[in-house]
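Heads up, the thing below is written out as structure tokens.
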Amino acid sequence: MLSRLALAAALLWAGAATAQTTTLVATPAEYQRVLRDVKPGDVIVLKDGVWRDFQILFEAEGQAGQPITLTAQTPGGVVLSGQSNLRLAGRQLVVSDLVFRDGWSPTGEVVSFRRSKEHRAVESRVTGLVIDGYNKPDRATSDNWVALYGRDNRFDHNHLTGKNNVGTTLVVVRDEQQGLDNRHRIDHNYFGPRPNMGSNGGETLRVGTSADSLSASNTVVENNWFEGADGEVEIVSNKSGGNTYRGNVFYHSRGSMVLRHGDGNLVENNVFIGGGKPHTGGIRVINRNQTVRNNYMEGITGDGFTAALSVMHGVPDSPINRYHQVVGAVIENNTIIDARSLFLGVGMDVERSAPPIDSRFARNLVVSSDGHDPMRRLGDLSGVVFADNVQAAQRDIALVRGTNGLLAPETPQGAGASPDLVMIPREATGVAWYPKDVRTVRLDQGAEIAVHPAEGALAAAVAAARPGDVLVLAPGRYAVDRTLTVGAPLTVRGSGQGRVEIAFSRPSLFEVAKGGSLKLASLSVTGADAPDETGNAVIRVAPGSSAANFDLVLEGVEVRDLTVNRGFNVIALGKGVMADRVLLRDVRVENITGSVISAAAETDDRGTYNAELVQIEGGAFSRIGGSVVDLYRGGTDESTFGPRLVIKGASFERVGSAERPSILMRGVQHAELVDNTLMDSGAISFSHRVGEPVLAVAGNRLVRTPEMQTDIAPTAATEEY
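Taking mature numbering (1 follows the signal peptide of the UniProt record, and there is no 0), I'd label the letters of the sequence shown as residues -19 to -1, 1 to 702.
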């Protein structure tokens, strides 16, 4: 009897010792108390609601099969806002179903798999997490949203979207102290839109750094969806060895999957859908023993570093942070359909003079529906064996779209990706309870609001406007005695029933702030009443405002009499701001002392610039003291796409001077000057800074105007993309 009682007591004690506890906490203080006594298998549940300024340290020791879990009361029900973040340290931890929104991390990471260098997370998991627009206020201040430290961690089924400040969205951080063999798994995540940074530091995912790149991380990145990941030319930047990139989808994303540093990586079964979007890319190969197989690319428009498939020249005896020669690459059974280019030997220059060697390019299928030859070759490619590749126009190979959504030859060709290649569904990535399709309000998508020329009426209407609204101005003169701040997309246009004139008596008429875009149409602006102050402009985007990815559009607008000082501009973009597009269509500008478009504030030569695309369509510019366009991109960094300038059908008269170019382009990557007339004006000036810029010139008429000054050979061809 005693032995039975003893056995029963022992079993009761054992059950109590392994009992799992689920505890709901409502405050940070309650969380701290529960965390102190947590045991393997326990679950801490955060009560639904907004947790503001909550810096979570989740440090505990779980066991295999009995992880310690931190989760939300309901998926997505906990929103971490303000200055919040999450740090994990310990073993066998799971975090799930939290949302970071409406704020920014006070540290350099939103989610960190470590407490400190000595206390890291291993064998732990973060799943069902959302980080949405959780950005530093200053877009030039760097942070990483997710930093994987330690080893054997998993980051899966998370939703990360809207990062618009410098720094990588997700990074694997490696060092010898923690061990370089990381063995992380990054899978089934949705990496949503990331806008163009116009600078280095806009990667979506990076594994390692150049300093530790000659060792293996053995990280697996699979079944993720990258959509609108436009931050820079490297969507994924691999900087370590032994990694696998498998089954990922790159959808309408500018840039490429780049094997930047590290050897012995595998890239297979990935799908790249460009959709004809500019600068969409595929895979770029650098370093030793890389395998690229069974990938699918369609509608890729990139060239050079962002070609559908590019193999680089390396630097002989390369420093660890430059470009190691391609040796032993195997590139086989890939399908490339309707790509602008494949580039073998890209990047060859005085420094990068080592061609790819001991490599194989075999059984790849290349099809072009328009019949053009996308293959570009540069340098000595005798070190690459070409075997059994198939290249043809689509009229020669009938393609059918399979149930997997991908095109394949109706008749097998013995080349290209497997017809069994599966593209992971978008809905199988991220979380089901947070929307992937978020409508962004743009210009002209709001209500039309009538405005009359009463005192203060325009200022009041601008202040009251909602995103996307259109202010329709009745005929008359609008005297504006304050700078009008635009913090959302806004259109101001004349009604078309008579002349509309805006006269302003402040240094600027409009100041575009973060979140704003501006369109002016069918009206006239005079600066005759403006005071003499530094930085005068009709439209100003202030230095340090962090305004980015905005549009400035002028259509049928007349601007005149900006003469109160020597540098009165129409549009002035300050340091640190980045326009997606500046468009002038049928605009007339006369009698100004500054430039029409001044986008030249990034003079520290780090590869940054103020406008991705500047377009002038038609219009007339006369008596302009500065340049019609002053567009600057300095430095030799190769991480960006632009800037791009297109001027067609415009008339210039008395623009610039012998010392001041009529059009000043420094570091512009693609320029088109077509069918313009320049009379009694300064020369057009183009200077090369980095890359392989294009200067397309056709049909321009120069009257008493010097010949173009350029350090590259212009081409007569223009290519829309």
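All C-beta atoms, glycine included, are put in the ideal place defined by N, C-alpha and C.
Beta-carbon proximity check, residue i vs residue j, cutoff 8 angstroms
{"i": "R333", "j": "G309", "result": "no"}
{"i": "V432", "j": "A438", "result": "yes"}
{"i": "T696", "j": "F667", "result": "no"}
{"i": "V538", "j": "L501", "result": "yes"}
{"i": "residue 703", "j": "A121", "result": "Residue 703 falls outside the range modelled here, since the chain spans only -19 to 702, and no answer is possible."}
{"i": "A484", "j": "D513", "result": "no"}
{"i": "V534", "j": "L424", "result": "yes"}
{"i": "L74", "j": "G109", "result": "no"}
{"i": "Y232", "j": "G411", "result": "no"}
{"i": "A320", "j": "P355", "result": "yes"}
{"i": "K417", "j": "G173", "result": "yes"}
{"i": "D193", "j": "L161", "result": "yes"}
{"i": "V570", "j": "F602", "result": "yes"}
{"i": "M660", "j": "E634", "result": "yes"}
{"i": "N517", "j": "D542", "result": "no"}
{"i": "S608", "j": "S632", "result": "no"}
{"i": "G189", "j": "R227", "result": "no"}
{"i": "G236", "j": "E249", "result": "no"}
{"i": "E313", "j": "R357", "result": "no"}
{"i": "V365", "j": "L402", "result": "no"}
Buried/exposed call for residue i, threshold 16 Cβ in 10 Å
{"i": "D284", "result": "buried"}
{"i": "E213", "result": "buried"}
{"i": "R685", "result": "exposed"}
{"i": "T50", "result": "buried"}
{"i": "P336", "result": "buried"}
{"i": "G131", "result": "buried"}
{"i": "V153", "result": "buried"}
{"i": "V230", "result": "buried"}
{"i": "N302", "result": "exposed"}
{"i": "D585", "result": "exposed"}
{"i": "Q306", "result": "buried"}
{"i": "V26", "result": "buried"}
{"i": "S363", "result": "exposed"}
{"i": "L471", "result": "buried"}
{"i": "P297", "result": "exposed"}
{"i": "R241", "result": "buried"}
{"i": "P118", "result": "exposed"}
{"i": "H651", "result": "buried"}
{"i": "V331", "result": "exposed"}
Between the CA atoms of residue j and residue i - distance to the nearest angstrom
{"i": "H669", "j": "R647", "result": "6 angstroms"}
{"i": "A288", "j": "G245", "result": "22 angstroms"}
{"i": "P176", "j": "L594", "result": "14 angstroms"}
{"i": "N550", "j": "S234", "result": "35 angstroms"}
{"i": "I112", "j": "R101", "result": "22 angstroms"}
{"i": "R382", "j": "D450", "result": "42 angstroms"}
{"i": "I693", "j": "Q36", "result": "53 angstroms"}
{"i": "V19", "j": "I405", "result": "38 angstroms"}
{"i": "V166", "j": "D133", "result": "Strictly speaking, residue 166 in this sequence is Arg, with Val absent from that position. Their Cα atoms are separated by approximately 7 angstroms."}
{"i": "G257", "j": "R458", "result": "45 angstroms"}
{"i": "S349", "j": "I318", "result": "6 angstroms"}
{"i": "V217", "j": "E436", "result": "54 angstroms"}
{"i": "A(-12)", "j": "L38", "result": "A caution first: A(-12) carries a pLDDT of 42, below 50, which makes its placement in the model too unreliable to give a value."}
{"i": "A582", "j": "P524", "result": "9 angstroms"}
Neighbourhood of residue i by C-beta distance below 7 angstroms, restricted to the same chain and skipping five residues each side
{"i": "residue 703", "result": "As shown, the chain starts at -19 and ends at 702. That puts residue 703 outside it, with no answer to give."}
{"i": "G148", "result": "S123, D124, N125, G182"}
{"i": "V558", "result": "V522, S526, A528, A529, N591"}
{"i": "D361", "result": "P336"}
{"i": "K144", "result": "N116, W126, T150, R175"}
{"i": "residue 709", "result": "Any answer about residue 709 is impossible in this case: the structure gives the chain only from -19 up to 702."}
beta-carbon residue i near the ligand GDP non-hydrogen atom, thresh 7 angstroms
{"i": "E11", "result": "Here there are no bound small molecules, and the ligand GDP is not part of this structure."}
Same chain, Cβ closer than 6 angstroms to residue i, five either side skipped, listed in chain order
{"i": "G328", "result": "M293, H294"}
{"i": "V627", "result": "Q596, E653"}
{"i": "R269", "result": "D244, V308, G309"}
{"i": "V311", "result": "T272, R341"}
{"i": "E11", "result": "none"}
{"i": "V252", "result": "V230, Y277, M404"}
{"i": "L129", "result": "F94, V153, H165"}
{"i": "E688", "result": "none"}
{"i": "T2", "result": "D23"}
Own chain residues within Cβ distance below 8 angstroms of residue i, not counting five before or after
{"i": "K495", "result": "G468, S526, S527, A528, A529"}
* Asked: Which runs of the beta strand (DSSP E) spanning at least 3 residues fall entirely within the region 514 to 545, listed in chain order?
  -> 518 to 522, 529 to 543
* Which whole runs of the alpha helix (DSSP H) in the region 328 to 405 are 4 residues long or more, in chain order? -> none
* Segments assigned beta strand (DSSP E), at least 3 residues, entirely inside the region 539 to 610 -> 550 to 554, 559 to 566, 569 to 573, 578 to 580, 592 to 598, 601 to 605
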